[in-house]
Structure formats: C-alpha cells, structure tokens
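Data first, discussion second: the structure below is written as structure tokens.
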Amino acid sequence: MISAHGLSRSFDGRPAVEALTFHVPEGKLFALLGPNGAGKTTTVRMLLGLIGPTSGSAIVAGHVIGSDARASRAVRAACGLLTEAPGFYDRLSGWDNLFFFGRLYGMPDPLIRTRLTHYLRLMDLWDRRGEPVGGYSKGMKQRLAIIRALFHDPKVVFFDEPTSGLDPEAALAVRELILQLKSGGRTIVVCTHNLDEAERLADLVGILKGRLLACDTLERLRAGAGDGARVHVAVRAGAAQHARLLEGQPFAPHVEVTGETLRITVGDAAADVPRVVAALVRGGAEILEVRPETPSLESIYLHTLRGDH
Amino acid sequence: MRVLLLFLQKELKAIRTDSRVWPVYLVFPVLAIGLPTFLATLAPLVIRQAMAKQDAGMMQIAHLVQIMPDFAGVSPEEGMTRYLLRSVAVLFLLMPVALSSTSAAFSIVGEKQQRTLEPILATPITDRQFLLGKLLAAGAPTVAMTWATALVAITLVDITTHGRYAAALLPDRFWALGIGALAPLLATAVVLVTMRFSAKATDPQATVQATALAIIPGFLILIGLFGKVLTTSFTALWIACLVLAVIDLALFRSDVRTFRREEILTRWK
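Protein chains in written order, with this note's numbering: chain G, 8 to 316; chain U, 683 to 951.
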C-alpha cells in the first residue's frame, strides 16, 4: 500500500530525510519513531503529495506521488491526515467544521451527515457538536481532528501524535479505534514519541533520524537488539553457587545474580537456553521459572539512536 | 462550483458569529446611505447659497455641468445635484475595496495561524479551486453588501426627492455601471493583490495594517487622478471596467502560478 524507494528531501541544500526505503503492506500499521526534527512530518508530507521529494519515489494507494497534479490529488483523496496541531475554525461548530472538510473531500451531504453522526457518537462529541470549536478542550479538538482524518473513509491514514493531549481513557479509546481501523483493512502510519503506544499498535516500526536507522517488525527488531538475548532463571536456592557452574560455558557468556534469580546472556536463545537449563539441572538446581527477557521498544529505540552517534 | 462556494459559506458563518466585525460592516453602509440622501435633500439649498456667495468650487461644478450633454435639458440646480450624487458613488467603490481587503489579508495567513491550512491542502482541492474559493469568500460578501446598500441609498434618495424633479435622480447609468461592474472588479483586484501578500505573510495583523496602508491611499490617488473623467465620460467608465477585468484575470493567473503549497507548509512555523 505504501512503498518508498530512496525517498529524500532537502531544504535549502540541507537534507531533512535521506534515502528512505520501506514497504508497508495493506492493512498494516507502521509506527514511525524518531526525535524532534528527525523528518517524520516531512516524510508524511511527501507521502501525502503535499511536498515533493528531492529524489526517490513512492507509491501510495496505487498512485506514484509527485508524478503529476492528478496523481497528487488522487493520493490526497485516498489518504487521511491527522496533523500534529489540530487546527479548526474556532467560531464554527464542530459539526460545521467537519461538514466543511467533508465537502472539500467531495463527499455528498447525506453521506457526510451519516458518517458524522457515527463518528461524533463514537468519539463522544455528539452532544457538543453544535458548539463553537473555540470552546472545546484540547482533547476534544484532538478527537474532532481524528474524525476529520477518518470520515471520508481513506485507504491510508497518517496520524501524527494521535493521543497527544488526551486523558488516559480517551487515549485508550483512540488506540482501540486505530486497531479497529487496522482490522478493517486500512493502512496506517503513526508518527509518535509514545513508544508504549507504538509497541501496542505497530506491525512495523521505523526509527528515523534523517535516515531510516531501523525498519522491521517489532519481533525482528527485538531479535536483533543488543549483544544477545537474555533469560531469567529463578531457582529454589543456591543461585550464586549455580551461577558459578555456568562460568566459562560458551553458551552463557555473562551471568548476573539477583536474589535467587540468574540473569543469563545467551548468544542464540533458541539453541542456548535449553543448554543453560540442562547444565543447571545437572548441577542440582531446582528451577522454578525460565523467562526470556523481552527488550522493550524503548530500549531498542535508544540503542538504535545511540548506535547512530 | 460547490467547492468554491464552501469558502464563501464558511466566511459568512464566521462573519455572522463574530460580533467584532459587525461595526466595520455597518459604518460604510451607514455612510454610503446617509451621504447621498443628505446631499439629495439639502443640495438645492446648499447650491443656491453657494452660488449666491460665488463659491469657487461650486462655480466650477456649475460650469462643468453646463457643458455636459447628460444635463443639457435640466435646470442648473438639478444638473448639479445629479452630478454631486454621481460623485459620491465613489463611496460605493471604496466600500468593497476597504472591506474585502481586510478579509483577503486574513484569507491565507489566517488559515496558517489557525493551523487549518495543512488539513485543507491535504484534501483533493486544487490550487485554483482554493484561491478562487478564497477570492469569492473575501469579495462576494462585501460586493453583495455594496449592492444592497446602493439599493437602499437609491430608494431613499428617490423618496426624499420625489416630485421635485421631472425624473428620479437615481440610478443614473454611471451608478449602474460603476456600482454594478466597476466596484466588484476593483474589489477583485484588491483581493487578489492582498491574497498574494497573505500567502507570503506570517502575521495576520501586520498584513491587515500593511494592506490598509497601501490600498486605501492607492485608491484615493487613483480616484484623484481618474475621478473626474470617470464621472463625466461614460466611455471612460466602460474602458476602466474592461481594463480592470483584464487586470483581474492576469492577477488571478499570476496568483495561481505563484502559489507554492510547499513553501507555505514548510516555511510557516
């Protein structure tokens, strides 16, 4: 659904993003992570055809971006955008604001009414629909902006910080909505600083800092993170003694002991963890639990960014 | 066409709900209705007194009226009244220029400030549709208001002077063409020039002030230069309309050509 090949963009000779190559299949959610100024917004704008690439190309919803004005319009019609700052006409009501944008998307009025009724109820804004947006809270504006990004039924949706400014309950509702959209077959790109959110939602994760430092499924990023996998082994007693048994073993190059738990670094989890367990059992350890340590997205993210320095 | 009217509908809703702009939309109509009505009512008295005093300005107008074929069959007093009324039609040119320039100054920089520009540009709307929509939104309400005000002024002038002259004083053909065609064409030119500034601006208030400083004096200079010929020669008025139509077309094409979505999106912080 989205394919970028060597997508680059410079401003006044300074590269904002360089040689982005990635593919987001239909119905998948791609979380684009990166620090401020990493080029996330520039990437989204290029993919939407709002700004042209300096070099490279991309196909979004079947249209080659920047090839001509007609293709750019087709891309924009097929996509929805939630901008980082949800801008609205403060003096107009929520309903009137959305109606205006629905017409800009070329939707017929009866369809706009039907969709607005559905989404305003879903986002808990139905009772406030007639009030000027100037009186809305930040969270309400954010929910209204999410409706604006969705209610023309786009194939691809770009969310820039979708839960920014929302209380935990509203943020949860938005995350559930995003998952619903994904299960409905929409392709979604989420730019976020919220790594926990990305971890919960994403099928694919891209870490961007001018260049795409990493781009893969979360599982693969985890597998490739750091200098080996870690496993926690809880024993009934004598953890320090059992740790000494593992010293010098090639399948357990590093062992730490905390209470009655051994934290063991292994090279290849699938091959080495059974060897570790076998060695401990042979040494008389009574094993209570073997738990692989899953690196968080935060640790992968920080590791990737620091590795770039 | 539906897309173009959208911006106009939104603008009208915004004006309706913004009580701060109502005084601005009331001052000009009150002046434009009041002045010709006052003039038509009191002109005979004022003209008689001024002529008796051999007032230089009034003598000049009297001389001008005497040689104008338009007023050949009427009394000097009626001719001068008609000419004075024709001259105050300039208010109906100033009204759409002043009001629409303020709306136009906000048109694009206002969208930037409200952060609505990117969501608009992310829709399938074309640059031409966007600019035409903005042109209509800035120009149409003020032109409509000008026409409505002119109708009220004409009615009041004719009611207050009913029976005094052989025929109704207004509308004369200069009013019809000037207010009917020249006013919207002039407003269009002003809106298109102002919109170009607005697209490049970062501060709405500064744009409004800069526009007011440039447009109003510019308008007064133009009236000073061409006012006499435009109130005495109907052909000159036609030519002015045609020239402005050509200028408007050229300005619109130029606005579309120089409208840079990328620049607006990436330079604005």
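The beta-carbon is built from N, C-alpha and C at its ideal position, and this holds for glycine as well.
Quiz item: Per DSSP, U/Ile861 forms a beta bridge with which residues?
Solution: One-based indexing of the second sequence puts residue 861 of chain U at position 179. For U/Ile861, which the question treats as bridged, DSSP gives no partner whatsoever.
Quiz item: In the region 84-149 of chain G, which residue ranges form an unbroken beta strand (DSSP E) of at least 3 residues, counting only runs that do not cross its ends?
Solution: Counting whole runs of 3 or more residues, the region 84-149 of chain G contains the beta strand (DSSP E) stretches 86-89.
Quiz prompt | Cutoff 7 Å: U/Leu818 Cβ touching any chain G Cβ | solution = Mapped onto the second sequence, residue 818 of chain U falls at position 136. Output row for U/Leu818: interface = no.
Exercise. Starting from U/Arg764, find everything on chain G with Cβ-Cβ shorter than 7 Å and list it in chain order.
Key: By 1-based counting over the second sequence, the position of residue 764 of chain U is 82. None at all; the shortest Cβ gap to chain G is about 44 Å.
Quiz item: Mapping DSSP to helix, strand and coil, what is G/Val67?
Solution: As a working note, residue 67 of chain G is residue 60 in the first sequence. DSSP places G/Val67 in strand when its eight states are reduced to three.
Quiz item: Just curious, the beta strand (DSSP E) that G/Ile324 is in, first and last residue?
Solution: Residue 324 of chain G lies beyond the range of chain G shown here (8 to 316); nothing can be said about it.
Quiz item: Taking the C-alpha atoms as reference points, what is the distance between G/Arg258 and G/Glu183?
Solution: Residue mapping note: residue 258 of chain G aligns to position 251 of the first sequence, counting from 1. Residue mapping note: residue 183 of chain G aligns to position 176 of the first sequence, counting from 1. Sequence check: residue 258 of chain G is Phe here, not Arg. Each residue's alpha carbon lies about 42 Å from the other.
Quiz item: Looking at the C-beta of G/Ala180, does it have a partner C-beta in chain U at a distance below 7 Å?
Solution: Taking the first sequence and counting its residues from 1, the one referred to as residue 180 of chain G is at position 173. With 7 Å as the cut-off, G/Ala180 does not count as an interface residue toward chain U.
Exercise. Report yes or no: is there a C-beta of chain U within less than 7 Å of the C-beta of G/Thr194?
Key: The sequence position of residue 194 of chain G within the first sequence is 187, counting from 1. No, because no Cβ of chain U sits closer than 7 Å to the Cβ of G/Thr194.
Quiz item: At a Cβ threshold of 7 Å, is U/Ile807 touching chain G?
Solution: Counting from 1 along the second sequence, the entry for residue 807 of chain U is found at position 125. So, interface residue.
Quiz item: Does DSSP classify G/Val334 as helix, strand or coil?
Solution: The structure shown does not extend to residue 334 of chain G, since chain G is modelled only from 8 to 316, so the question has no answer here.
Self-check item: G/Gln149 burial status per 10 Å Cβ neighbour count (16 or more: buried)
Solution: For the purposes of this step, residue 149 of chain G is taken as residue 142 along the first sequence, with counting starting at 1. The residue in question, G/Gln149, is buried, as its Cβ has 16 or more Cβ neighbours within 10 Å.
Exercise. Look at the alpha carbon of U/Leu766 and the alpha carbon of U/Leu721, and state the distance between them as a whole number of angstroms.
Key: Residue numbering aside, residue 766 of chain U sits at position 84 when the second sequence is read from its first letter. Residue numbering aside, residue 721 of chain U sits at position 39 when the second sequence is read from its first letter. Distance from the CA atom of U/Leu766 to the CA atom of U/Leu721, rounded to whole angstroms, is 8 Å.
Quiz prompt | Length of the line joining the Cα atoms of G/Leu173 and U/Ala888 | solution = On the first sequence, residue 173 of chain G is found 166 positions in, with the first residue counted as 1. On the second sequence, residue 888 of chain U is found 206 positions in, with the first residue counted as 1. So the two alpha carbons sit approximately 34 Å from each other.
Exercise. Report yes if the C-beta distance between G/Glu33 and G/Thr265 is below 7 Å; otherwise report no.
Key: In the first sequence, the residue the question calls residue 33 of chain G occupies position 26. In the first sequence, the residue the question calls residue 265 of chain G occupies position 258. Their beta carbons are not under 7 Å apart, which means G/Glu33 does not touch G/Thr265 by this criterion.
Practice problem: Could you check how far apart the C-beta atoms of G/Arg135 and G/Tyr143 are, in whole angstroms? I think they sit under 8 Å. | Solution: For the purposes of this step, residue 135 of chain G is taken as residue 128 along the first sequence, with counting starting at 1. For the purposes of this step, residue 143 of chain G is taken as residue 136 along the first sequence, with counting starting at 1. At roughly 7 Å, the Cβ-Cβ gap stays under 8 Å, so G/Arg135 and G/Tyr143 are in contact.
Self-check item: Cβ separation of G/Val51 and G/Asp203, assumed to be a contact under 8 Å, to the nearest whole Å
Solution: By 1-based counting over the first sequence, the position of residue 51 of chain G is 44. By 1-based counting over the first sequence, the position of residue 203 of chain G is 196. About 21 Å separates the two Cβ atoms, so there is no contact after all.
Quiz item: What did DSSP end up calling U/Lys692 once you bin it into helix, strand or coil?
Solution: Locating residue 692 of chain U in the second sequence gives position 10, counting from the first residue. U/Lys692: helix per DSSP, three-state reduction.
Practice problem: Excluding the 5 residues preceding and the 5 following U/Ala820 in the sequence, name in chain order all residues of the same chain whose CB lies nearer than 6 Å to its CB. | Solution: As a position in the second sequence, residue 820 of chain U is number 138, starting the count at 1. The residues are Ser782, Ser785, Ala786, Ser789 and Val873.
Quiz item: Using a Cβ-Cβ distance under 7 Å, would G/Arg83 count as near chain U?
Solution: Position 76 of the first sequence, counting from 1, holds the residue named residue 83 of chain G. G/Arg83 counts as touching chain U.
Quiz item: Are G/Val212 and G/Leu228 close, meaning C-beta to C-beta below 7 Å?
Solution: Position 205 of the first sequence holds residue 212 of chain G. Position 221 of the first sequence holds residue 228 of chain G. The answer is yes: Cβ separation under 7 Å.
Quiz item: When you compare only the Cα positions, how much space is there between U/Ala881 and U/Asp752?
Solution: For the purposes of this step, residue 881 of chain U is taken as the residue at position 199 of the second sequence. For the purposes of this step, residue 752 of chain U is taken as the residue at position 70 of the second sequence. C-alpha separation (whole angstroms): 46 Å.
Quiz prompt | Buried versus exposed call for G/Phe18 [16 or more other C-beta atoms within 10 Å across all chains shown] | solution = As a position in the first sequence, residue 18 of chain G is number 11, starting the count at 1. G/Phe18 is exposed by the Cβ-count criterion.
Exercise. Assign U/Val639 to one of three DSSP states: helix, strand, or coil.
Key: Past the edges of chain U, shown from 683 to 951, lies residue 639 of chain U, and the structure says nothing about it.
Quiz item: Looking only at C-alpha atoms, which of U/Asp809, U/Leu852, U/Ala826 and U/Pro801 sits nearest to G/Arg155?
Solution: Looking up residue 155 of chain G in the first sequence gives position 148. Out of U/Asp809, U/Leu852, U/Ala826 and U/Pro801, U/Pro801 has the C-alpha closest to the C-alpha of G/Arg155.
Practice problem: Taking only beta carbons into account, state which residues of the region 99-125 of chain G come closer than 8 Å to chain U, listed in chain order. | Solution: Leu99, Asp103, Phe107, Phe108, Arg110, Leu111, Tyr112 and Gly113
Quiz item: Do G/Val163 and G/Cys222 have their C-beta atoms within less than 7 Å of each other?
Solution: Indexing the first sequence from 1 puts residue 163 of chain G at position 156. Indexing the first sequence from 1 puts residue 222 of chain G at position 215. No. Outside cutoff.
Quiz item: Counting only beta-carbon atoms, is U/Lys882 nearer than 7 Å to chain G?
Solution: Position 200 of the second sequence holds residue 882 of chain U. Judged by the 7 Å Cβ criterion, U/Lys882 is not in contact with chain G.
Quiz item: In three-state terms, what does DSSP make of U/Asp809?
Solution: Position 127 of the second sequence, counted from the start, is the residue given in the question as residue 809 of chain U. Of the three classes helix, strand and coil, the one that applies to U/Asp809 here is helix, per DSSP.
Practice problem: Take every Cβ of the region 811-830 of chain U, pair it with every Cβ of the region 899-914 of chain U, and state whether three or more of those distances are shorter than 8 Å. | Solution: No contact exists between the region 811-830 of chain U and the region 899-914 of chain U.
Quiz item: Given 8 Å as the limit, is there contact between the region 693-707 of chain U and the region 91-111 of chain G, that is, 3 or more CB pairs closer than that?
Solution: Taking 8 Å as the limit for Cβ pairs, the verdict is that the region 91-111 of chain G does touch the region 693-707 of chain U.
Quiz item: Using a C-beta to C-beta distance shorter than 7 Å, which residues of chain G count as neighbours of U/Pro801?
Solution: Translated into positions along the second sequence, residue 801 of chain U becomes position 119. What U/Pro801 touches in chain G: Leu88, Thr90, Gly94, Phe108 and Arg155.
Self-check item: Sequence-distant residues of its chain with Cβ nearer than 7 Å to U/Leu852 (five each side left out)
Solution: For the purposes of this step, residue 852 of chain U is identified with residue 170 of the second sequence, where counting begins at 1. Closer than 7 Å at the Cβ level, and outside the excluded window around U/Leu852, lie Leu767, Ile836, Val839 and Asp840.
Quiz item: By the 10 Å Cβ neighbour count, where 16 or more other Cβ atoms means buried, how is U/Asp885 classified, buried or exposed?
Solution: In the second sequence, counting from the first residue as 1, residue 885 of chain U sits at position 203. Per the 10 Å Cβ criterion, exposed.
Exercise. Could you tell me whether the Cβ of G/Arg80 comes closer than 7 Å to any Cβ of chain U?
Key: One-based indexing of the first sequence puts residue 80 of chain G at position 73. Closer than 7 Å to some Cβ of chain U, the Cβ of G/Arg80 qualifies, so yes.
Self-check item: CB of G/Ala286 within 7 Å of CB of G/Ala236, strictly
Solution: Looking up residue 286 of chain G in the first sequence gives position 279. Looking up residue 236 of chain G in the first sequence gives position 229. Cβ distance not < 7 Å, so G/Ala286 and G/Ala236 don't count as in contact.
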